[in-house]
Amino acid sequence: VVPGIVFASFIDPFTLGDHLGQRLRMPGRPVLAGVAALQRLDAFGEDWDTLQRSRRARGLGPTRSPISQFGHYSRLTFALLVDAIRQAGRMTVAMEARGYSAPVRTGRRRTWLEPAPWTRWDTLLLVVAGALAVLPALLTTLLPALLPVALPALQPVALVGTR
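Adding 32 to a residue's 1-based position in the sequence shown gives its number in the numbering used here.
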């Protein structure tokens with residue numbers, strides 16, 4: 033989860049949407065939903081602070097008890113989830129009203145904000161991701177074969193005649 037959060041914090045949602053739609057030829061609706069979700073992800077911290085301040089202003093803050101802390105944060109999490117679902121519903125209605133699904137109904141091609149050329153950074157990312165995907169399989173295949181040669185001290189020793 034943490035690598036995904038760190039990765040998402042460095043991504044421009046609009047550029048990602050353009051590349052997913054143009055380079056990978058993904059359908060427009062899931063791409064736009066992903067772009068909207070990444071935009072909302074940035075606002076979660078602000079929403080959390082607002083909910084926390086409003087609960088404290090009403091006198092509903094936690095005490096020092098771990099049970100009180102757990103209850104407080106679980107209620108904040110639930111409130112944040114409810115708020116996110118409400119805003120997603122509003123955003124869906126607004127996107128439909130602005131014609132985001134029109135290319136699906138009319139059969140026309142969707143237009144995108146920016147062109148998405150393939151650059152050397154895209155190639156580098158693809159090579160690194162492929163290497164990281166293959167590395168565990170390669171290590172599990174090669175490491176047992178290299179272990180007796182490289183590290184004979186780590187081989188199990190059979191103790192004969194011990195009880």
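Quick reminder that beta carbons are idealized off the backbone N, C-alpha and C, glycines included.
Quick one: give me the first and last residue of the alpha helix (DSSP H) that residue i is part of.
i: Trp80; result: Gly60 to Ala89
i: Tyr105; result: Pro98 to Ala129
i: Leu48; result: Pro45 to Gln54
i: Gly36; result: Val34 to Ser41
I believe residue i touches residue j by the beta-carbon criterion, under 8 Å. Please report the beta-carbon distance rounded to the nearest angstrom.
i: Trp150; j: Arg55; result: 7 Å
i: Val67; j: Pro45; result: 5 Å
What does a CB cutoff of less than 7 Å around residue i pick up in its chain, not counting 5 residues either side in sequence?
i: Gln101; result: Pro94
Hey, out of the options, whose CA is closest to residue i's CA?
i: Arg88; options: Thr173, Pro35, Met127 and Tyr105; result: Tyr105
i: Ala148; options: Glu78, Leu52 and Ala69; result: Leu52
i: Val270; options: Pro59, Leu164 and Asp74; result: With the chain covering only 33 through 195, there is no way to say anything about residue 270.
i: Arg142; options: Leu175, Asp50 and Leu158; result: Asp50
i: Arg61; options: Val166, Leu157, Ala165 and Met127; result: Met127
i: Leu79; options: Gln119, Leu92 and Leu174; result: The sequence shown places Asp at residue 79, not Leu. When only C-alpha atoms are compared, the closest one is Gln119.
Excluding five sequence neighbours on each side, which residues of the same chain lie with their C-beta closer than 8 Å to the C-beta of residue i?
i: Leu83; result: Leu108, Ala111, Leu112 and Asp115
i: Ala40; result: Leu70 and Leu73
i: Met58; result: Leu52
i: Leu167; result: none
Grab me the residues of residue i's own chain with a C-beta within less than 6 Å of its C-beta, minus the 5 sequence neighbours each way, in chain order.
i: Leu92; result: none
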